[in-house]
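Quick notes on the structure that follows.
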Amino acid sequence: MFASALYTGVRRGELLGLRKTDVDLDSRLITVCRSHGRDTTKGGHADVISIAAELLPYLRTAIDASPSALVFPGSDGTMMRPDVDLEGRLRRTLRRRGIVTGWTHKCRKQACTHVEHASDAILRECPVHGHKRIRSRPYAAS
8 MFASALYTGV RRGELLGLRK TDVDLDSRLI TVCRSHGRDT TKGGHADVIS
58 IAAELLPYLR TAIDASPSAL VFPGSDGTMM RPDVDLEGRL RRTLRRRGIV
108 TGWTHKCRKQ ACTHVEHASD AILRECPVHG HKRIRSRPYA AS
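Quick note: the sequence shown uses this note's numbering, first residue 8, plus one each step.
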């Protein structure tokens, strides 16, 4: 799903609503004509998008693995909920694959510049202000 988003620029809801019949692997075209819970896209019209050669194997795998008419269904074969935590899934996948090796933690206080790198995403208190820091971004091994 993430490769499709990167290579096509298709919106989240449009990816969630993408059906196998919308993907023509032979012609290397995707017809985006609906969104999550709607029979049309946000723009109100269908778009035909070329499938990059690099995206083809990902789409083939997704289509073959899908037990339903959707290209990217939930675990039960139905359409994923619109509030599904895709960012969290991506972060977990990157961490499992060894692409993300740690997290950058930053103090929530606007004027504070305290930043710390850690191997986990557990919230910590800022040693300067005592505010809880947020994990702002995962970082990768270089």
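Even for Gly, the Cβ is constructed at its ideal location relative to N, Cα and C.
### Task
Could you tell me whether the stretch 16-30 touches the stretch 72-82, using the rule of 3 or more Cβ pairs below 8 Å?
yes
### Query
Which residue comes first and which comes last in the alpha helix (DSSP H) that contains residue 10?
Sequence index remark: in the sequence shown, residue 10 carries index 3 (1-based). That run of the alpha helix (DSSP H) goes 9-15.
### Message
Distance check for residue 98 and residue 138, CA to CA, integer angstroms please.
### Response
In the sequence shown, residue 138 corresponds to position 131, counting from 1. In the sequence shown, residue 98 corresponds to position 91, counting from 1. C-alpha separation (whole angstroms): 24 Å.
### residue 139 (DSSP reduced to helix, strand or coil)
Position 132 of the sequence shown, counting from 1, holds the residue named residue 139. It is a strand residue.
### Message
So residue 141 and residue 115 are supposed to be a Cβ contact under 8 Å. How far apart are they, rounded?
### Response
Within the sequence shown, numbered from 1, the residue matching residue 141 stands at position 134. Within the sequence shown, numbered from 1, the residue matching residue 115 stands at position 108. Their Cβ separation, rounded to whole angstroms, is 6 Å, which keeps residue 141 and residue 115 in contact under 8 Å.
### CA-to-CA distance, residue 70 to residue 36, given in whole angstroms
Reading the sequence shown from its first residue, position 29 is the one you call residue 36. Reading the sequence shown from its first residue, position 63 is the one you call residue 70. For residue 36 and residue 70, the distance between alpha carbons rounds to 14 Å.
### Message
Cutting at 7 Å between CB atoms, please list the residues of its own chain near residue 21, excluding the five before and the five after it.
### Response
Position 14 of the sequence shown holds residue 21. Correct list, in chain order: 39, 42 and 48.
### Message
Quick check: the stretch 103-110 against the stretch 124-137, are at least 3 beta-carbon pairs closer than 8 Å?
### Response
yes
### Task
State buried or exposed for residue 85, treating a residue as buried only when at least 16 other CB atoms are found within 10 Å of its CB.
Residue 85 sits at position 78 when you count from the first residue of the sequence shown. Exposure of residue 85 is indicated by the presence of fewer than 16 other C-beta atoms within 10 angstroms of its C-beta.
### Task
Would you decide whether residue 58 is buried or exposed? Buried here means 16 or more other CB atoms lie within 10 Å of its CB.
Here the question's residue 58 lines up with position 51 in the sequence shown. Buried is the label assigned to residue 58, since at least 16 other Cβ atoms lie within 10 Å of its Cβ.
### Query
If you compare alpha carbons, which of 90, 72 and 93 is closest to residue 83?
Walking along the sequence shown from the start, residue 83 turns up at place 76. Residue 72 is the option with its Cα nearest to residue 83.
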